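Same order as they appear, the protein sequences are chains A and B.
Each residue of the first sequence is one higher than the last, beginning at 4 in the numbering used here.
Each residue of the second sequence is one higher than the last, beginning at 4 in the numbering used here.
Note that beta-carbon positions come from the ideal geometry of N, C-alpha and C, so glycine has one too.
Just so we're clear, the structure is a prediction, and the values are computed from it rather than from any experiment.
2 protein chains.
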Amino acid sequence: MSINSNVAQVVSLLGEASRASILTSLMDGRFHTATELAYMAGIKPQTASFHLSKLVEGNLVKVEKQGRHRYFQLANAEVAALLESLLVISPPPEIRSLKQSTQLKLLQDARTCYDHLAGKLGVGITEFMVSAGYLEKEQKEFAVTRTGTRFLADFGVDLDVLKKKRRSFSHACIDWSERNHHLGGSLGNELMVRFLELGWIVQAPSIRAVTITDAGKKGFKQFFDYPNE
Amino acid sequence: MSINSNVAQVVSLLGEASRASILTSLMDGRFHTATELAYMAGIKPQTASFHLSKLVEGNLVKVEKQGRHRYFQLANAEVAALLESLLVISPPPEIRSLKQSTQLKLLQDARTCYDHLAGKLGVGITEFMVSAGYLEKEQKEFAVTRTGTRFLADFGVDLDVLKKKRRSFSHACIDWSERNHHLGGSLGNELMVRFLELGWIVQAPSIRAVTITDAGKKGFKQFFDYPNE
DNA sequence: TCCACACTTCGATTATAGTTGAAGTGTGCA
DNA sequence: TGCACACTTCAACTATAATCGAAGTGTGGA
Numbered sequence: 004m005s006i007n008s009n010v011a012q013v014v015s016l017l018g019e020a021s022r023a024s025i026l027t028s029l030m031d032g033r034f035h036t037a038t039e040l041a042y043m044a045g046i047k048p049q050t051a052s053f054h055l056s057k058l059v060e061g062n063l064v065k066v067e068k069q070g071r072h073r074y075f076q077l078a079n080a081e082v083a084a085l086l087e088s089l090l091v092i093s094p095p096p097e098i099r100s101l102k103q104s105t106q107l108k109l110l111q112d113a114r115t116c117y118d119h120l121a122g123k124l125g126v127g128i129t130e131f132m133v134s135a136g137y138l139e140k141e142q143k144e145f146a147v148t149r150t151g152t153r154f155l156a157d158f159g160v161d162l163d164v165l166k167k168k169r170r171s172f173s174h175a176c177i178d179w180s181e182r183n184h185h186l187g188g189s190l191g192n193e194l195m196v197r198f199l200e201l202g203w204i205v206q207a208p209s210i211r212a213v214t215i216t217d218a219g220k221k222g223f224k225q226f227f228d229y230p231n232e
Numbered sequence: 004m005s006i007n008s009n010v011a012q013v014v015s016l017l018g019e020a021s022r023a024s025i026l027t028s029l030m031d032g033r034f035h036t037a038t039e040l041a042y043m044a045g046i047k048p049q050t051a052s053f054h055l056s057k058l059v060e061g062n063l064v065k066v067e068k069q070g071r072h073r074y075f076q077l078a079n080a081e082v083a084a085l086l087e088s089l090l091v092i093s094p095p096p097e098i099r100s101l102k103q104s105t106q107l108k109l110l111q112d113a114r115t116c117y118d119h120l121a122g123k124l125g126v127g128i129t130e131f132m133v134s135a136g137y138l139e140k141e142q143k144e145f146a147v148t149r150t151g152t153r154f155l156a157d158f159g160v161d162l163d164v165l166k167k168k169r170r171s172f173s174h175a176c177i178d179w180s181e182r183n184h185h186l187g188g189s190l191g192n193e194l195m196v197r198f199l200e201l202g203w204i205v206q207a208p209s210i211r212a213v214t215i216t217d218a219g220k221k222g223f224k225q226f227f228d229y230p231n232e
């Protein structure tokens with residue numbers, strides 16, 4: 004028999020509907036309790052417990068205990084990146100109710116991609132920054148131009164700090180709903196943090212959709228020409 | 004129940020040991036018959052047929068019929084890239100025989116990563132090109148410098164043609180055995196094609212290892228300072 | 001034209017894994 | 001101190017999928 008790595012061992016963790024659902028729910032970057040994740044995945048808490056222990060053991064999820072609560076989160080950005088790249092090649096969800104249709108639209112409009120923005124909003128502001136000459140699209144990443152450096156400094160983003168971080172700076176992250184790239188990396192993260200600080204976006208309570216506030220509507224229009232129509 | 008994409012649907016194709024073995028065998032970029040793939044995966048031909056039909060249906064593998072033979076190949080470079088990134092996070096294969104140990108060493112030394120070189124050879128020549136100033140390592144890709152352009156032209160590589168191709172040009176491809184990056188994309192592919200033309204490497208008959216010929220030993224030493232010791 | 005080969009399909013068996021009800025454990029508050 | 005809550009573990013059941021022997025189909029060469 005030929006010699007091959009144990010690809011199936013890790014991948015099978017992802018290839019089960021309930022675990023995949025749990026992991027996708029965790030793509031909002033937040034901590035969630037086991038009971039919440041059970042509810043989101045549509046399974047009983049004891050089933051969720053069974054799956055979560057496997058995901059923790061497989062280093063895809065990390066857990067923090069606080070009293071009787073167990074808080075689960077994706078292990079790291081690498082797991083999130085893998086998940087997003089798998090979402091790109093997966094068929095879209097079947098819509099079986101009006102509520103699901105609404106939720107899908109919210110996710111398509113704006114959502115977190117673990118620690119940065121995705122959806123129409125994420126792709127839209129990325130495209131604006133390219134067309135305005137702030138970013139230059141390369142193969143798998145965005146380069147910040149000189150005018151972009153100034154724009155970001157004015158916007159309250161410290162590029163020097165971001166570049167020193169031990170992680171990808173500004174990679175192009177493929178967006179499963181827009182089928183285009185949005186800005187990822189530490190720069191993408193910092194922009195999302197800034198938007199939250201400014202109160203331009205808020206995270207939805209239980210799904211990873213993000214909604215734009217009234218202040219955000221004005222701000223995105225003024226600074227990022229979004230939505231562009 | 005929350006709304007999530009059908010990640011499990013595609014991923015479960017990969018998360019089964021026999022199918023994963025088949026796909027990994029196909030990482031040599033070549034066509035293989037169903038009977039060969041059955042043998043490599045250690046299953047009966049009828050089981051291989053069952054799995055291959057699923058992989059074709061899932062667009063991970065393509066098939067060409069010639070008479071009574073069915074020739075299977077990975078569908079495209081995207082599937083190969085996904086597979087390699089999954090290999091990186093998978094545990095290494097257990098060694099149960101001397102033959103398997105030999106095969107693993109051969110794969111670690113030099114192998115194809117679908118359409119470009121990986122292993123010590125792939126990483127080694129990439130590192131040399133960076134240290135010689137021919138390439139510059141960026142976040143997720145390599146930029147060709149001016150001296151690199153001249154070196155590659157002298158070596159018989161037409162960069163203009165490569166850059167026009169509708170695919171990644173020179174992305175940094177992570178290497179599961181070296182835990183470092185080797186050169187991928189159309190440039191990586193073209194270099195491998197060139198080495199084959201020069202007769203510096205030959206592909207092993209049944210695994211995706213590549214061996215360096217005597218001419219290759221001289222050539223890699225002279226042009227790429229490999230092995231570097 | 002017949003036989004061998006490559007491969008597929010069928011049906012039955014086997015193996016594996018997900019699920020839940022019930023019971024148990026640890027935490028926290030009244 | 002006792003009860004409710006969050007969560008885990010256990011055992012049994014259910015569901016799903018992989019496997020192979022046998023049989024069938026299509027191709028090709030003698």
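Among the residues of the segment 7-21 of chain A, those with a Cβ less than 8 Å away from any Cβ of chain B are N7, S8, N9, V10, A11, Q12, V13, V14, S15, L16, L17, G18, E19, A20, in the order of the chain.
Burial check for R149 (chain A): the Cβ neighbour count within 10 Å stays below 16, so the residue is exposed. At least 8 Å separates the CB of A113 (chain B) from every CB of chain A. For G136 (chain B), same chain residues with a beta-carbon under 8 Å away, outside a window of 5 residues either side, are T148, T150, G151 in chain order. Identification of residues in the segment 198-211 of chain A having a C-beta nearer than 9 Å to some C-beta of chain B yields S209, I210, given in sequence order. Chain-order list of chain B residues neighbouring K143 (chain A): Q142, K143, E144, S171, H174, by C-beta distance under 8 Å. When C-beta distances to chain A are compared with 9 Å, every residue of the segment 155-166 of chain B stays at or above that value. The Cβ-Cβ distance between V91 (chain B) and L90 (chain A) does not fall below 8 Å.
Contact fails between the segment 222-229 of chain B and the segment 25-45 of chain B, because fewer than three Cβ pairs, one in each stretch, are under 8 Å apart. Taking the C-beta atoms as reference points, S171 (chain B) is found nearer than 8 Å to G187 (chain B).
Bridge partners of V91 (chain A) according to DSSP: none are assigned.
By the C-beta criterion, the segment 91-108 of chain B is judged not to be in contact with the segment 116-128 of chain B, since fewer than 3 inter-stretch pairs fall below 8 Å. In the three-state DSSP reduction, K102 (chain B) falls in the helix class (H, G or I). Taking C-alpha positions only, L58 (chain A) is separated from Q76 (chain A) by approximately 10 Å. Contact annotation for P95 (chain B) against chain A: S8, N9 [CB-CB distance below 9 Å, chain order]. Under the 8 Å criterion on CB atoms, L89 (chain A) is classed as interfacial with respect to chain B.
Under the three-state reduction of DSSP output, R73 (chain B) falls in the strand class. Here T27 (chain B) is buried: its Cβ has 16 or more other Cβ atoms, across all protein chains shown, within 10 Å.
Secondary structure of D178 (chain A) (DSSP, three-state): strand.
A direct Cα-to-Cα measurement between Q206 (chain A) and A84 (chain A) gives close to 20 Å. Where N183 (chain B) is concerned, the enclosing beta strand (DSSP E) starts and stops at 183-186.
The CB of I92 (chain B) comes closer than 7 Å to the CB of V13 in chain A, given here in chain order. At a cut-off of 8 Å between C-beta atoms, A23 (chain B) counts as an interface residue with respect to chain A. Taken in chain order, the unbroken stretches of alpha helix (DSSP H) that lie wholly in the segment 16-75 of chain B and span 4 residues or more are 20-28, 37-44, 48-60.
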